[in-house]
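Visitor: There's a structure below that I have some questions on.
Protein chains: 2
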Amino acid sequence: MYTEICKKLGIEYPIFAFTHCRDVVVAVSKAGGIGVLGAVGFSPEELKEELDWIDEHIGDLPYGVDIVIPQKYEGMGDMSPEELEKELWKMVPQEHIDFAQKLLTDAGVPEWPDGTHSMGLLGWTEATATPLLMEALTRPKCKLIANALGTPPADKVKMIQDGGRLVGALCGRVKQAKAHKDAGLDFIVAQGGEGGGHAGDVGSVVLWPQAVAAAAPVPVLAAGGIGTGQQMLAAMSMGCAGVWTGSLWLTVEEAHAEPAQKDSLLNASSEDTIRSRSWTGKTCRMLKNEWTAAWDRADTPDPLGMPLQGLVSGDGIRRTARYASVGECQKVAFNPVGQVVGQINHIESTRAVIFRLVTEYVDALERINQLMPDE
Amino acid sequence: MYTEICKKLGIEYPIFAFTHCRDVVVAVSKAGGIGVLGAVGFSPEELKEELDWIDEHIGDLPYGVDIVIPQKYEGMGDMSPEELEKELWKMVPQEHIDFAQKLLTDAGVPEWPDGTHSMGLLGWTEATATPLLMEALTRPKCKLIANALGTPPADKVKMIQDGGRLVGALCGRVKQAKAHKDAGLDFIVAQGGEGGGHAGDVGSVVLWPQAVAAAAPVPVLAAGGIGTGQQMLAAMSMGCAGVWTGSLWLTVEEAHAEPAQKDSLLNASSEDTIRSRSWTGKTCRMLKNEWTAAWDRADTPDPLGMPLQGLVSGDGIRRTARYASVGECQKVAFNPVGQVVGQINHIESTRAVIFRLVTEYVDALERINQLMPDE
């Protein structure tokens, strides 16, 4: 399963692990894959702290950072992050804020310690994402930058590649794969509709081979539905150069999460997820619960777009993560995850997951080879 | 790729082709797979004619028949098909009939020659499906019966198996796979959300391996997203015993369809399908068009359930098939198909499709084997 991109990155297996947890990043890279830290939830100062820790613990191994570089907002391009946030808050109806707060209160989710109801803009805007990228680019062992939404602007692509790093981006449509290729990206992550987070609605089995054809010779990593080595073999059978996994790492030993949050994930079936705009403003796959149902009803506010809905829900994201086990928090918690959650039913160590993926892959390949007539 | 079910059926490749066209049934079986005739659209007399033709042309090769055996309607179980249809029509609001007819008229779709607006119940009820099954069971070369919706009743399972035939059923959920296994079925078709027709919403990559685990040792055939040998290898990598294909046969040379209908399919991308209740009353994947949009608007009638919506739409099904190239018929035509339609862009012969699947499978396997380190 050793592909060209393994060689370029100096990794043993083409297993890319997207995670918000630095411990998982380090453990994946140490087990022969490559950990990719999702940076969107961090301030630049927090990201610096996380990357310092990773640099200290990862030895000489490579890792990646995943950011979100959207286009600038028309007429707001020159604002500071603080000014931009202030302007954006003016566009949020009070009704939305009150509705979100009521859902949290009704479920018994404690207030944030400082009593504020805003988590800020996070890295969802050009103004807030750029400092995150700049921080990542100061790290020699950060060998890969992925953009979670859309093709990164040409100046950012050049900046990343000039430092000898690989730059890639996610896509959920064949058209986007072509756009990524035309922008000169080094790899493309094709995420099928099964996937957690911001996925499209074309299924992995149909999307992956079309993305591979559209992007060639740029390597495509398969995302959306990878939980086992059999699924990894399936992705590679369709021409993918590796797998981009996310859901798989939410419940590993090394993942920082409250037990109640891990339990929600471990107990969920593949039918317990939904694509909803209720957290980020864009369609995002997550566990179904009362929060997702509440924003979907006819007599409640409609979710705003990105990044406005993120302002409304940000306080809920941090509170439901921190107080995951308090009250009926899980009824309104943000648990982005793919349909593969139904196959993840117990806690494993990161190393065990990587080892399992590789072993299952090899066993499945052997079984398939045995179905062929002897030559 | 030779699996146990190939041996049982006496076929060379585990490629199952669901089609409404007898010519395709024969051509698939002759090319080494097995053709399965979808019987739901036929009256018993019509089915007899189709099976006579198949028996005459298929030589000694096996074929299958796909029917729909739903549970009986409470209190209607003893009615004749004619009485049942009359009772069901009483439950259809005139508003729905008028709305459907207006959509057809506005698109310039000619009336059915006899001026009627009803196609009848088709095989969607127990009363109408049973005669179809009985007809199929008179045919020695019909070696396989598949039930398209739900687990067949125990008496039907016994009847089919007693004749030395294999009986299977489709499923879109892991729970259904278990129920099928418990009912003693011989094979299970697991159809992911990508699939055309009545599919669930769990993606193939996630559904298939879970269905395989739940059904073991009953063999699972992969449906939903199979258009190439690479996809077939992917399905087999995840433990499936073969593939169940449908969309692939809509545009082959041998398929009876008006050129405009084939063109609609050949030109569609994977993003041009939608899951809609507007034709059969159950969620069904098909090409998006004005018909699907019209039934989805807030100010128009909501689709009825099955089989009532089928009474409303039946006239549209037959008229948009027969007059597919007339006026703006394609805007309101019934084109059930999976997302894999985006990968089907030119007309091939049935034999060429089977040959391509096998060749692509072998080539993909060879490529995958080359990625493994030499031992």
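First to last, the sequence lines map onto chains A and B. The first sequence begins at -9 in my numbering and counts up one residue at a time. The second sequence begins at -9 in my numbering and counts up one residue at a time. Backbone N, C-alpha and C define an ideal beta-carbon position, used for all residues, glycine too. Since we're looking at a predicted model, the values are computed, not measured.
In the DSSP assignment, find the unbroken alpha helix (DSSP H) run with methionine 346 (chain B) in it and report its ends.
Guide: According to the sequence as given, residue 346 (chain B) is arginine; it is not methionine. Taken as a continuous stretch (DSSP letters only), the alpha helix (DSSP H) holding arginine 346 (chain B) covers 340 to 360.
Visitor: For tyrosine 3 (chain A) and chain B, any beta-carbon pair shorter than 8 Å?
Guide: Closer than 8 Å: no.
Visitor: Going straight from the alpha carbon of glutamine 166 (chain A) to that of threonine 141 (chain A), what length do you get?
Guide: In a straight line, the C-alpha of glutamine 166 (chain A) is about 8 Å away from that of threonine 141 (chain A).
Visitor: Leucine 355 (chain A) versus chain B: which residues are under 8 Å apart at the beta carbon?
Guide: Within 8 Å Cβ-Cβ: Ser227, Ile358, Asn359 and Met362.
Visitor: If I follow the unbroken beta strand (DSSP E) through aspartate 68 (chain B), where does it start and stop?
Guide: Premise fails: aspartate 68 (chain B) is in no beta strand (DSSP E) and is neither H nor E.
Visitor: Measure the CB-CB distance between leucine 211 (chain A) and tyrosine 351 (chain A) and report whether it falls below 8 Å.
Guide: Their beta carbons are not under 8 Å apart, which means leucine 211 (chain A) does not touch tyrosine 351 (chain A) by this criterion.
Visitor: Determine the closest residue to arginine 302 (chain A) out of A:Pro291, A:Asn335 and A:Ala213, with distance taken between C-alpha atoms.
Guide: Strictly speaking, residue 302 (chain A) in this sequence is valine, with arginine absent from that position. Selected option, being the one with the closest Cα: A:Pro291.
Visitor: Closer than 8 Å between beta carbons: that is the criterion. Which residues of the segment 291 to 313 of chain A meet it against chain B?
Guide: Flagged: no residues at all.
Visitor: At which residue ranges does the segment 217 to 242 of chain A contain complete alpha helix (DSSP H) runs of 4 or more residues, listed in the order of the chain?
Guide: Listed in chain order, the complete alpha helix (DSSP H) runs (minimum 4 residues) inside the segment 217 to 242 of chain A are 219 to 227.
Visitor: Any C-beta of chain B sitting closer than 8 Å to the C-beta of isoleucine 157 (chain A)?
Guide: Sequence check: residue 157 (chain A) is valine here, not isoleucine. For valine 157 (chain A), the answer is no, since every Cβ of chain B falls outside 8 Å of its Cβ.
Visitor: Expressed to the nearest angstrom, what Euclidean distance is found between the alpha-carbon atoms of aspartate 96 (chain A) and isoleucine 87 (chain A)?
Guide: The alpha-carbon atoms of aspartate 96 (chain A) and isoleucine 87 (chain A) are separated by roughly 14 Å.
Visitor: Run down chain A in chain order and give the residues with a C-beta less than 7 Å from the C-beta of serine 194 (chain B).
Guide: Going along chain A in sequence order, the residues near serine 194 (chain B) (Cβ under 7 Å) are Gly193 and Val195.
Visitor: Inspect the beta-carbon positions of alanine 203 (chain A) and isoleucine 178 (chain A) and report whether they are closer than 8 Å.
Guide: Cβ distance not < 8 Å, so alanine 203 (chain A) and isoleucine 178 (chain A) don't count as in contact.
Visitor: I need the straight-line Cα distance from arginine 308 (chain B) to leucine 94 (chain B), nearest angstrom please.
Guide: Rounded to the nearest angstrom, the two C-alpha atoms are 11 Å apart.
Visitor: At 4 residues or longer, and completely inside the segment 235 to 281 of chain B: list those alpha helix (DSSP H) runs for me, N to C.
Guide: Segments of the alpha helix (DSSP H) lying fully in the segment 235 to 281 of chain B: 249 to 257.
Visitor: Check the Cβ of valine 330 (chain B) against every Cβ in chain A and list those closer than 7 Å, keeping chain order.
Guide: The contacting residues are Val196.
Visitor: Runs of 3 residues minimum, wholly inside the segment 112 to 179 of chain B: which ones carry the beta strand (DSSP E) assignment?
Guide: Fully enclosed beta strand (DSSP E) runs of 3 or longer: 132 to 137 and 156 to 161.
Visitor: Please confirm whether leucine 238 (chain B) and serine 254 (chain B) have their CB atoms less than 8 Å apart.
Guide: Taking 8 Å as the Cβ cut-off, leucine 238 (chain B) and serine 254 (chain B) do not qualify as a contacting pair.
Visitor: Listed in chain order, which residues of the segment 173 to 192 of chain B have Cβ atoms closer than 9 Å to some Cβ of chain A?
Guide: Listed by position along the chain: Gly182, Gly183, Glu184, Gly185, Gly190, Asp191 and Val192.
Visitor: On the criterion of 16 or more Cβ atoms from any shown chain inside 10 Å, does glutamine 360 (chain A) qualify as buried, or is it exposed?
Guide: With fewer than 16 other Cβ atoms within 10 Å, it is exposed.
Visitor: Does DSSP put phenylalanine 324 (chain B) in a helix, a strand or coil?
Guide: Reduced to three states, the DSSP call for phenylalanine 324 (chain B) is coil.
Visitor: Cα separation between asparagine 257 (chain B) and leucine 78 (chain A)?
Guide: The straight-line gap from Cα to Cα measures roughly 42 Å.
Visitor: Can you name the residues of chain B whose CB is closer than 7 Å to the CB of serine 268 (chain A)?
Guide: None at all; the shortest Cβ gap to chain B is about 18 Å.
Visitor: Assuming threonine 340 (chain A) and alanine 29 (chain A) form a contact by the criterion Cβ under 8 Å, report the distance between their Cβ atoms to the nearest whole angstrom.
Guide: The pair is not a contact, with the Cβ atoms about 19 Å apart (cut-off 8 Å).
Visitor: Do leucine 355 (chain A) and isoleucine 337 (chain B) have their CB atoms nearer than 8 Å?
Guide: Contact flag unset, no.
Visitor: Answer with yes or no whether the minimum CB distance from alanine 119 (chain B) to chain A is below 8 Å.
Guide: Output row for alanine 119 (chain B): interface = no.
Visitor: Looking at threonine 241 (chain B) and isoleucine 5 (chain B), is the spacing between their C-beta atoms short of 8 Å?
Guide: No. Outside cutoff.
Visitor: Tell me which residues of the segment 226 to 256 of chain A have at least one Cβ-Cβ distance to chain B shorter than 8 Å, keeping chain order.
Guide: Going along the segment 226 to 256 of chain A in chain order, one finds Met226, Ser227, Met228 and Gly229 with a Cβ nearer than 8 Å to chain B.
Visitor: So alanine 368 (chain B) and glycine 214 (chain B) are in contact, right, with Cβ under 8 Å, and what is the actual spacing, rounded?
Guide: For chain B, the structure presents residues -9 to 365; residue 368 (chain B) sits outside this window and is missing.
Visitor: Where does glycine 306 (chain A) sit, in a helix, a strand or coil, going by DSSP?
Guide: Residue state, collapsed to three classes: helix.
Visitor: Which bits of chain A does alanine 224 (chain B) rub up against, with CB to CB less than 7 Å?
Guide: Within 7 Å Cβ-Cβ: Val195, Ala224, Ser227 and Met228.
Visitor: Tell me whether the beta-carbon of valine 316 (chain B) lies closer than 8 Å to the beta-carbon of proline 83 (chain B).
Guide: It is not a contact, given that the beta carbons lie outside the stated cut-off.
Visitor: By Cβ distance below 8 Å, which residues in the same chain neighbour aspartate 45 (chain B) in space, the five residues on each side in sequence not counted?
Guide: So the list reads Arg129 and Lys131, once near-sequence residues are dropped.
Visitor: Between which two residues does the alpha helix (DSSP H) carrying isoleucine 48 (chain A) extend?
Guide: Element bounds for isoleucine 48 (chain A): n/a, residue is neither H nor E.
Visitor: Quick one: is glycine 215 (chain A) near chain B, going by C-beta distance under 8 Å?
Guide: Yes, its Cβ sits closer than 8 Å to a Cβ of chain B.
Visitor: Alpha carbon to alpha carbon, what distance is there between glycine 271 (chain A) and glutamine 394 (chain A)?
Guide: Here chain A has residues from -9 to 365 only, and residue 394 (chain A) is not among them.
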